[in-house]
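Using my numbering, read the sequence shown as starting at 1226 and increasing by one per residue.
Virtual Cβ for every residue (Gly too), placed ideally from N, Cα, C.
See below for the structure under consideration.
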Amino acid sequence: MATKMEWKVMQVCGHELQESLERFSQSEYEIFTIQNCESKWFIIARKTVKDRSEKSVMGFRAPD
1226 MATKMEWKVM QVCGHELQES LERFSQSEYE IFTIQNCESK WFIIARKTVK DRSEKSVMGF
1286 RAPD
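Below, the structure is given as structure tokens:
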């Protein structure tokens, strides 16, 4: 079973940063990095998703 990464990027103001970090800590996402750009903060988070389709690169179903 293949796995893939799902990414989420959130832009927040400084006063929203703590609340956003708490929200991410209670979700399935893992905080990857936090970056500051002037008055904005960018939170980049990821989660591992198992691909249950069992399809190969060509799109065919793998044999059981």
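- The continuous beta strand (DSSP E) containing glutamate 1255 extends over residues 1255-1262.
- Comparing alpha carbon positions, the residue from Thr1228, Lys1229, Glu1231, Gln1236 closest to asparagine 1261 is Gln1236.
- For glutamine 1243, the enclosing alpha helix (DSSP H) begins and ends at 1242-1250.
- Taking C-beta atoms as the reference points, tryptophan 1232 and isoleucine 1269 count as a pair closer than 8 Å.
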